[in-house]
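Q: Here you go, one structure.
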Amino acid sequence: MSLPDKRFKSGPGSDQLQNCHFGVANSLTDRHPSPPFLVTICVLFLLSIVGKPIAQWTEATYDAYQADHAILTASDTRYRRLLKLIQAQQPGQTLSRSVPAALAIPEQIFQTAISRDLLGRSSRYEPNTSHGKLACARMVNRVVQKAFNYQIGQNPLYVPSVVQALEGGVGRRIEQGQTRRGDIAIANGTDYAKGLWHIGICVTDRCTLVLSNSPFTSRFAWLSDANFDGAFEQHPGKTTFYRVVKQHL
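Numbered according to our numbering, the sequence shown spans residues 1 to 249.
Written out as structure tokens, the structure reads:
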């Protein structure tokens, strides 16, 4: 298929049209950019380079402020509902119990996780977590921070960094049958090649119920089974379990 011929055809006004067309073209080629124009272009170019990092820094700073100052705790109704669901899964339906010294650390993690200011808490403003959608490691570390005044991993937002610290002596790996409430459950913990992980806190013995940050609602309120209700089954790694063994770093 050929394209139509778009050359000017003869007729009334054609000379004027051609003169106008070529006149504009000649006037443009004869001009050179002025120094102020070049300065403006350079400034806009530099802003395009540094603007995005500045915007990201501003957003992270705002989110950090909101995370520490906004009212992000769950409503009384939500908190009581979550607590009731967890309590129903405990032996004798009791949330407090005496434990041997060997289980003191996980028990403290459990009690901290179900505390009023953390259970059901919004993760919407946790910095660098895509508005809470990727805040699973952050919320677990909020619990550990409150319980023991430290965070697990060089990068407390990154699950593989948390695993590296746990493997490096902060914790020890255990089987699901050995878990007690307050131990750590990690989805896809045996294969990081696919880049999709999730982490939560066991809130029952044998880890039949896990509390974690919900990537759907951006709240520390997702109660699931140890397999995170199958959300990560399409990825090769299985859920692994750890017990934190250090109260201090």
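Ideal Cβ positions, reconstructed from N, Cα and C, are used throughout, including at glycine.
(1) Between the alpha carbons of P160 and D225, how many angstroms are there, rounded?
(2) Going by DSSP, what residue range makes up the alpha helix (DSSP H) through R78?
(3) Assess, as a yes-or-no matter, whether the region 118–126 is touched by the region 72–91 under the definition of 3 or more beta carbon pairs within less than 8 Å.
(4) Decide if P91 is buried, meaning its Cβ has at least 16 other Cβ atoms within 10 Å, or exposed.
(5) Which residues mark the beginning and the end of the beta strand (DSSP E) in which I201 is found?
(6) Report, in whole angstroms, the separation of the C-beta atoms of Q89 and T217, which I expect to be a contact under 8 Å.
(7) Taking F110 and R173 to be in contact with their CB atoms under 8 Å, please state how far apart those CB atoms are, rounded to whole angstroms.
(8) Just curious, the beta strand (DSSP E) that N213 is in, first and last residue?
(9) Using a Cβ-Cβ cut-off of 7 Å (strictly less than) and excluding sequence neighbours within five positions of Q93, which residues of its own chain qualify?
(10) Can you give me the Cβ contacts of V162 inside the same chain, cut-off strictly under 6 Å, excluding the 5 residues immediately before and after it?
(11) By Cβ distance below 7 Å, which residues in the same chain neighbour A187 in space, the five residues on each side in sequence not counted?
(12) Looking only at DSSP bridge pairs, what is A113 linked to?
(13) In angstroms with no decimal places, state the Cα-to-Cα distance between L134 and P215.
(14) At what residue ranges does the region 149–176 contain a whole run of the beta strand (DSSP E), taking only runs of 3 or more?
(15) Just how far apart, CA to CA, sit Q176 and P127?
(16) Let me know if N213 comes out buried or exposed under the rule of 16 or more other beta-carbons within 10 Å of its beta-carbon.
(17) Between A185 and V140, what straight-line distance do the alpha-carbon atoms span, to the nearest angstrom?
(18) Using C-beta distances below 6 Å, list every residue in its chain close to V170, excluding the 5 sequence neighbours before and after it, in chain order.
(19) Can you find the residues in the same chain that come closer than 6 Å, C-beta to C-beta, to V244, ignoring five residues on each side of it along the sequence?
(20) Using a 10 Å radius around the Cβ and a threshold of 16 neighbouring Cβ atoms, would you call F241 buried or exposed?
(21) Could you check which residue in A101, L166 and L211 has the C-alpha nearest to that of N155?
(22) Just to confirm before moving on: does the CB-CB distance between H248 and Y158 stay below 8 Å?
(23) Using alpha carbons as the reference points, say which of W222, Y125, A221 and V144 lies closest to I71.
(24) I'd like the list of long-range same chain contacts for Q164, defined as Cβ closer than 7 Å, with 5 residues on each side in sequence excluded.
(25) Using a Cβ-Cβ cut-off of 8 Å (strictly less than) and excluding sequence neighbours within five positions of T208, which residues of its own chain qualify?
A: On the basis of the coordinates in this document:
(1) 21 Å
(2) D76 to Q87
(3) yes
(4) exposed
(5) H198 to C202
(6) So it is not a contact: roughly 21 Å between Cβ atoms.
(7) About 19 Å; that fails the 8 Å criterion.
(8) V210 to S214
(9) Q87
(10) A137, I152 and G153
(11) W197, H198, F228, F232 and T239
(12) According to DSSP, A113 bridges with nothing at all.
(13) 6 Å
(14) 171–174
(15) 32 Å
(16) buried
(17) 10 Å
(18) I152 and K246
(19) I105 and G171
(20) buried
(21) L166
(22) no
(23) Y125
(24) G153
(25) Q89, D225 and A226
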